[in-house]
Amino acid sequence: MLDTKKDFPLLKRKISGKDLVYLDSAATSQKPVQVIEAVKEYYENRNANVARSVHKLGEEATEAYENARKAVAKLINANSEKEIIFVRNATEAINLVAYSYFLPIAPSGGKIISTVMEHHSNIVPWQFINSHGMELEFLGIKKDFTLDTENLGRILSPETKLVTVTHASNVLGTVNDPKEISGMAHDNGSLVMLDAAQSVPHMQVDVQDTGCDFMAFSGHKMLGPTGTGILYAKEEHLESMEPFMYGGDMIKEVSLEGTTFNGIPWKFEAGTPNIAGAVGLHAAIDYLEKIGLEKIRRHEAELTEHALDEFSRLGGVEIYGPKNADKRGCVISFNVKGVHPHDVASLLDREGVAIRSGHACAQPLMKRLGVGAVARASGYLYNGKSDFDALVEGLKKVKRVFGV
Ligand SMILES: Cc1ncc(COP(=O)(O)O)c(C=O)c1O
3 MLDTKKDFPL
13 LKRKISGKDL
23 VYLDSAATSQ
33 KPVQVIEAVK
43 EYYENRNANV
53 ARSVHKLGEE
63 ATEAYENARK
73 AVAKLINANS
83 EKEIIFVRNA
93 TEAINLVAYS
103 YFLPIAPSGG
113 KIISTVMEHH
123 SNIVPWQFIN
133 SHGMELEFLG
143 IKKDFTLDTE
153 NLGRILSPET
163 KLVTVTHASN
173 VLGTVNDPKE
183 ISGMAHDNGS
193 LVMLDAAQSV
203 PHMQVDVQDT
213 GCDFMAFSGH
223 KMLGPTGTGI
233 LYAKEEHLES
243 MEPFMYGGDM
253 IKEVSLEGTT
263 FNGIPWKFEA
273 GTPNIAGAVG
283 LHAAIDYLEK
293 IGLEKIRRHE
303 AELTEHALDE
313 FSRLGGVEIY
323 GPKNADKRGC
333 VISFNVKGVH
343 PHDVASLLDR
353 EGVAIRSGHA
363 CAQPLMKRLG
373 VGAVARASGY
383 LYNGKSDFDA
393 LVEGLKKVKR
403 VFGV
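Be aware that the sequence shown starts at 3, since it is given in the working numbering, and climbs by one per residue.
Listed below in structure tokens is the structure:
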């Protein structure tokens with residue numbers, strides 16, 4: 003098991019007089035001292051705007067920002083750093099593809115396939131495209147909480163322009179097989195978008211191996227600062243796409259008669275970017291790579307196995323997600339029978355245990371599961387088995403208090 007908690011200053015906090023047990027990393031991760039220091043060092047020594055000033059500071063800020071882009075490209079094995087666009091979060095990355103690639107072609111029809119296990123950010127932008135002329139269809143899930151990929155073969159048609167799927171579910175923990183999905187979609191002539199917000203932080207994701215055309219993920223869920231997100235897109239697509247936003251930094255030349263745009267990736271980064279965020283994200287990637295994403299994946303699989311085991315002994319708790327720790331991430335959604343998940347989360351908070359409760363930005367999935375809300379505990383590289391033991395102890399208390 004990894005032993006990294008010491009690197010995370012916030013995890014030393016006490017909540018309600020108890021040691022904090024942070025089990026809400028699927029929402030956002032905590033930050034190691036290495037990331038916090040990198041941002042501080044940047045502001046203390048190198049802060050300037052990028053790509054504008056010829057002075058030394060401007061050069062250093064630009065170099066730091068572009069080095070962060072190279073680090074992201076290397077992490078996911080992109081062909082080139084030109085394929086990496088810095089945005090604010092995964093949601094913005096998906097919107098960029100929706101607005102820049104699909105909005106212009108939407109009036110001529112076609113179909114997009116998404117799934118019922120998506121986060122709202124991989125549903126709502128496509129509903130927007132649907133309102134401009136493209137059909138939208140959703141692939142279901144099976145009884146074992148895995149994606150119904152058999153049905154994908156049946157619903158793919160010559161009309162399908164895009165298949166957009168989460169790599170790992172933020173509710174079920176299910177890890178989908180992007181290679182299988184890409185293979186089927188590409189054989190059909192459809193593009194593939196991967197929502198990797200819950201996978202890139204936790205496992206080695208190689209965009210070339212997955213075969214996806216577009217991939218969105220959030221820097222803030224992988225130890226980086228908030229306000230950092232990434233769109234990966236194949237160079238050929240970026241070259242053909244319209245800009246998403248217009249203004250400074252994304253131009254080559256402007257006259258009152260018209261504008262020529264900058265090359266990729268800068269064509270998609272209008273205005274001053276989150277330079278300090280990129281610097282922090284670079285430090286986060288260095289941190290993850292130093293430990294190794296394979297090791298992180300194994301650590302989380304062990305945590306998941308332990309947690310599922312402990313949960314099964316509790317009784318009266320329903321879990322929504324695959325049973326096999328190998329096929330899922332460390333995101334465990336559940337309900338204590340007879341207790342509302344908000345009450346579960348509030349009582350746990352008094353024990354210092356932070357979990358999420360609610361619809362987890364996946365209302366269609368809640369409907370499919372037949373529940374209004376869930377409680378969700380999610381672990382990361384800094385959690386140990388003792389964190390899940392504290393959760394289980396807290397749940398025993400919840401059951402006692404509510405007499406269930
Ligand atoms: C699977 C998934 N996709 C997308 C998002 C959206 O991420 P962000 O809030 O960084 O845009 C989340 C956030 O929880 C998520 O879990």
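Even for Gly, the Cβ is constructed at its ideal location relative to N, Cα and C.
Helix, strand or coil at residue i [DSSP, three-state]
{"i": "F219", "result": "strand"}
{"i": "N337", "result": "strand"}
{"i": "I253", "result": "strand"}
{"i": "V177", "result": "strand"}
{"i": "V394", "result": "helix"}
{"i": "L371", "result": "helix"}
{"i": "V202", "result": "coil"}
{"i": "L149", "result": "strand"}
{"i": "A319", "result": "Looking at the sequence shown, residue 319 is not Ala but Val. In this structure, V319 counts as strand in the three-state DSSP scheme."}
{"i": "P366", "result": "helix"}
{"i": "S171", "result": "coil"}
{"i": "F404", "result": "helix"}
{"i": "P324", "result": "coil"}
Residues that DSSP places opposite residue i in a beta bridge
{"i": "M195", "result": "T166 and F216"}
{"i": "K20", "result": "I17"}
{"i": "E379", "result": "First, the residue type needs correcting, since residue 379 is Ala and not Glu in the sequence shown. I334, per the DSSP bridge assignment."}
{"i": "I157", "result": "The partner list for I157 (beta bridge, DSSP) is empty, contrary to what the question assumes."}
{"i": "E307", "result": "For E307, which the question treats as bridged, DSSP gives no partner whatsoever."}
{"i": "A356", "result": "Y24"}
{"i": "F140", "result": "S116"}
C-beta atoms of residue i and residue j nearer than 9 Å
{"i": "T176", "j": "K329", "result": "yes"}
{"i": "F390", "j": "A303", "result": "no"}
{"i": "A95", "j": "I87", "result": "yes"}
{"i": "S159", "j": "N190", "result": "yes"}
{"i": "R378", "j": "A392", "result": "no"}
{"i": "E120", "j": "A364", "result": "yes"}
{"i": "E148", "j": "A187", "result": "According to the sequence displayed, residue 148 carries Thr and not Glu. Cβ atoms of T148 and A187: not closer than 9 Å."}
{"i": "A80", "j": "A218", "result": "no"}
{"i": "V23", "j": "G354", "result": "yes"}
{"i": "Y289", "j": "D9", "result": "yes"}
{"i": "T166", "j": "M195", "result": "yes"}
{"i": "D351", "j": "I17", "result": "yes"}
{"i": "V256", "j": "I78", "result": "no"}
{"i": "G340", "j": "G360", "result": "no"}
Euclidean distance between Cα positions of residue i and residue j
{"i": "P127", "j": "A28", "result": "21 Å"}
{"i": "K58", "j": "N49", "result": "11 Å"}
{"i": "N69", "j": "P227", "result": "16 Å"}
{"i": "G279", "j": "L258", "result": "34 Å"}
{"i": "F246", "j": "I321", "result": "40 Å"}
{"i": "C214", "j": "V406", "result": "46 Å"}
{"i": "S242", "j": "K72", "result": "22 Å"}
{"i": "S123", "j": "E271", "result": "20 Å"}
{"i": "T274", "j": "G250", "result": "8 Å"}
{"i": "V209", "j": "L233", "result": "12 Å"}
{"i": "I357", "j": "L174", "result": "15 Å"}
{"i": "Y101", "j": "N337", "result": "37 Å"}
{"i": "I125", "j": "H239", "result": "21 Å"}
{"i": "L25", "j": "C332", "result": "10 Å"}
Any non-hydrogen atom of ligand 2 within 8 Å of residue i CB
{"i": "C363", "result": "Looking at this structure, you won't find ligand 2 anywhere; what it does contain is ligand 1."}
Practice task
Can you check the segment 102-137 for any alpha helix (DSSP H) of at least 4 residues that lies completely inside it and give the ranges in chain order?
Solution key: 126-132
Problem - 4-residue-minimum alpha helix (DSSP H) runs that sit fully inside the segment 232-288, ordered along the chain - result: 237-242
Practice task
Within the segment 36-109, note down every full alpha helix (DSSP H) run reaching 4 residues or more, in order along the chain.
Solution key: 58-77 and 92-99
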